[in-house]
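Data first, discussion second: the structure below is written as structure tokens.
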Amino acid sequence: MVDEKVFVDKLRHINRYTADLRQMQDVPEQEYLNDVVIQRAVERTLMNLIQGRIDLAQHVRSTEGLSPSGTAKREMEALEVAVILSTETRERMEEAVGFRNVLAHQYGNIDHEIVYEVLRDDLHWFERFQQEPARWFQQHHS
Numbered sequence: 001m002v003d004e005k006v007f008v009d010k011l012r013h014i015n016r017y018t019a020d021l022r023q024m025q026d027v028p029e030q031e032y033l034n035d036v037v038i039q040r041a042v043e044r045t046l047m048n049l050i051q052g053r054i055d056l057a058q059h060v061r062s063t064e065g066l067s068p069s070g071t072a073k074r075e076m077e078a079l080e081v082a083v084i085l086s087t088e089t090r091e092r093m094e095e096a097v098g099f100r101n102v103l104a105h106q107y108g109n110i111d112h113e114i115v116y117e118v119l120r121d122d123l124h125w126f127e128r129f130q131q132e133p134a135r136w137f138q139q140h141h142s
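Structure follows, in structure tokens:
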């Protein structure tokens, strides 16, 4: 059974990272593209946000006895199979896992225009990832 304290703590961190990114969304594109400090802040926050989702998925999968662990993408699949995530959210979170890998391992080769697009256009997917597991938790563990 999911540890409520761990689950809530992970959601709290995820929510904080999402709120931080929401604050950075208003940075004009040219300012973002010219400011390495803002770029690094956004990239690091996105990495932490995505990792937080992976950690939450791992916790739920392991404590609920879902499919065996594997890759981060398999963690997301396990949540979809257990009807904790919608197919659409699972697909977007799998893309986010790949994006996190690019951010973590490409260093100076990151396409800052793509990161800016994610910041401007894709935060709602991260919010859906918060909402769907939270709704599941309330229904099954309250």
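All residue numbers for the sequence shown refer to UniProt numbering, where the first residue is 1 and numbers rise by one.
Ideal placement from N, C-alpha and C gives every residue a C-beta, glycine not left out.
For residue 25, name the three-state secondary structure that DSSP assigns.
Coil.
Can you tell which of 85, 27, 25 has its C-alpha closest to the C-alpha of residue 61?
Of 85, 27, 25, the residue nearest in Cα terms is 85.
With 16 as the cutoff for other CB atoms within 10 Å, does residue 96 come out buried or exposed?
So residue 96 ends up on the buried side.
Quick one: using the 10 Å Cβ neighbour count with 16 as the cut-off for buried, is residue 104 buried or exposed?
Per the 10 Å Cβ criterion, exposed.
Between which residues of its own chain and residue 137 is the CB-CB distance below 7 Å, once the five residues before and five after are set aside?
Correct list, in chain order: 2, 7.
Just checking, does the region 38-53 make contact with the region 10-18 on the three C-beta pairs under 8 Å criterion?
Cβ pair count under 8 Å is three or more, so yes.
Out of 64, 98, 78, 68, point me to the one whose CA is closest to residue 118's CA.
It is 98.
Name the residue from 32, 46, 69, 91 whose alpha carbon lies nearest to the alpha carbon of residue 15.
Residue 15 has its Cα closest to that of 46, out of 32, 46, 69, 91.
Is residue 187 helix, strand or coil when you go by DSSP?
Limits of the chain in this structure are 1 at one end and 142 at the other, which puts residue 187 out of reach.
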